[in-house]
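Everything below concerns the one structure shown next.
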Amino acid sequence: QVQLVESGGGLVQAGGSLRLSCAASTSIFAINSMGWYRQAPGKQRELVASITGGLTTNYADSVKGRFTISRDSAKNTVYLQMNSLKPEDTAVYYCNARRNNQGYWGQGTQVTVSS
Numbered sequence: 004q005v006q007l008v009e010s011g012g013g014l015v016q017a018g019g020s021l022r023l024s025c026a027a028s029t030s031i032f033a034i035n036s037m038g039w040y041r042q043a044p045g046k047q048r049e050l051v052a053s054i055t056g057g058l059t060t061n062y063a064d065s066v067k068g069r070f071t072i073s074r075d076s077a078k079n080t081v082y083l084q085m086n087s088l089k090p091e092d093t094a095v096y097y098c099n100a101r102r103n104n105q106g107y108w109g110q111g112t113q114v115t116v117s118s
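So in the working numbering, the last one in the sequence shown is 118, and the numbering has no gaps at all.
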């Protein structure tokens, strides 16, 4: 089992920044990949960004150049730095971890961007 605890969501004006954190209950080296997903009301959950054990990153086209995913192995934590936020970024953001073909989810954190 991998437990994930997210933090850092909140309300911000358009153009502002937020940083989300996701702390894992196990060593990050034992996790194949971690990522951030989001789900807006009435929409499907979508991948925002991911990072593999080899530090390969992947981003949704809608956030490229604005969001950055990174990790701190010493803290078993993955971050999502979100800059130039837009109202359409409003959603519940979920941390995801994959280990040995098993997927794990955090409880989600709300991000609201006002115009």
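All residues carry an ideal CB built from backbone N, CA and C; glycine is no exception.
Mind checking which residues open and close the beta strand (DSSP E) that includes residue i?
{"i": "ILE31", "result": "Run containing ILE31: none; DSSP gives neither H nor E here."}
{"i": "VAL95", "result": "94–102"}
{"i": "THR112", "result": "112–117"}
{"i": "LEU50", "result": "49–55"}
{"i": "GLY13", "result": "13–16"}
{"i": "GLY45", "result": "Taken as a continuous stretch (DSSP letters only), GLY45 belongs to no beta strand (DSSP E), as it is neither H nor E."}
{"i": "GLY106", "result": "105–108"}
Looking at the structure shown, is residue i part of a helix, part of a strand, or coil, going by DSSP?
{"i": "VAL5", "result": "coil"}
{"i": "SER76", "result": "helix"}
{"i": "SER65", "result": "helix"}
For residue i, count neighbouring C-beta atoms within 10 Å of its own C-beta (all shown protein chains included) and say buried if the count is 16 or more, exposed if not.
{"i": "ASP92", "result": "buried"}
{"i": "ALA100", "result": "buried"}
{"i": "GLY12", "result": "buried"}
{"i": "GLY106", "result": "exposed"}
Express the C-alpha separation of residue j and residue i in angstroms, rounding to a whole number.
{"i": "GLY56", "j": "GLN113", "result": "27 Å"}
{"i": "VAL121", "j": "GLY38", "result": "Residue 121 is absent from the model: the chain starts at 4 and stops at 118."}
{"i": "ASP167", "j": "VAL95", "result": "With the chain represented from 4 up to 118, any question about residue 167 goes unanswered, as that position is not in the structure."}
{"i": "GLU49", "j": "VAL5", "result": "21 Å"}
{"i": "ASN86", "j": "GLY19", "result": "6 Å"}
{"i": "THR60", "j": "SER53", "result": "6 Å"}
{"i": "ASN103", "j": "VAL8", "result": "20 Å"}
Any 3 or more C-beta pairs closer than 8 Å across the stretch 77–88 and the stretch 24–36: yes
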